[in-house]
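The structure appears right after this line, and notes come after that.
In my numbering, the protein residues as written are 36 to 234.
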């Protein structure tokens with residue numbers, strides 16, 4: 036069903052579309068998945084999302100004909116923000132309307148500016164990823180967790196280096212109960228993954 040993107044904000048379109056969103060069980064049936072190819076529900080407390088075991092699916096389909104592959108890698112977004120995600124979703128919808136059996140894999144959007152200031156990287160208008168809230172908050176993939184863990188390690192390291200620069204050995208021992216590590220900043224091989232304001 037098409038929604039009026041002139042009268043409705045993206046979140047309103049998402050909210051309306053999610054009312055008719057198929058459940059994981061309905062997708063399982065529609066895609067012809069085997070019982071063990073969808074990870075168990077107890078791993079997904081929200082109930083609207085499902086994770087697939089792609090290795091099992093690929094092994095089962097090994098003897099089938101290969102499909103076509105379109106990669107959308109780099110686009111300079113328009114002033115309204117249409118970029119890779121919107122183009123990818125538009126391609127999937129367009130090919131689906133032409134009767135093609137279509138699937139897509141989109142990367143988890145980066146944290147970036149939030150609260151719709153930058154947008155959600157979930158597409159827009161009628162070319163929108165749903166459920167939009169879960170997708171935009173990073174609840175559908177692991178990359179945000181990996182990024183946050185990596186950047187947390189960098190914050191701890193730079194904080195420690197700053198403390199060692201600001202305090203002598205006696206102050207450092209008294210204030211932090213830690214001994215000096217003397218980390219050489221020129222020998223740090225790890226870097227920030229995404230750095231919006233942290234450094």
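By construction, the Cβ of each residue, glycine as well, lies at the ideal position given by its N, Cα and C atoms.
Q. Roughly how far, in whole angstroms, is the beta-carbon of residue 119 from the beta-carbon of residue 137, given that I think they are within contact range, below 8 Å?
A. In fact, because the Cβ distance is near 17 Å, the residues do not count as touching under 8 Å.
**Q.** Counted within 10 angstroms of its Cβ, other Cβ atoms place residue 121 as buried (16 or more) or exposed
**A.** buried
Q. What residues are listed by DSSP as bridge partners for residue 73?
A. 87
**Q.** Pair within 8 Å by beta-carbon distance, residue 57 and residue 73
**A.** no
Q: Identify the continuous alpha helix (DSSP H) that holds residue 209 and give its terminal residues.
A: 204-211
Q) Distance, Cα to Cα, residue 217 vs residue 191? A) 14 Å
Q) What are the partner residues of residue 159, as DSSP defines its beta bridges? A) 162
Q. Where residue 66 and residue 87 are concerned, what is the direct C-alpha to C-alpha distance, given to the nearest angstrom?
A. 11 Å
Q: Can you tell me which of the three DSSP states residue 169 falls into?
A: helix
Q: Would you kindly work out how many angstroms separate the C-alpha atoms of residue 207 and residue 200, rounded to a whole number?
A: 10 Å
Q) What is the DSSP secondary structure of residue 221, reduced to helix, strand or coil? A) helix
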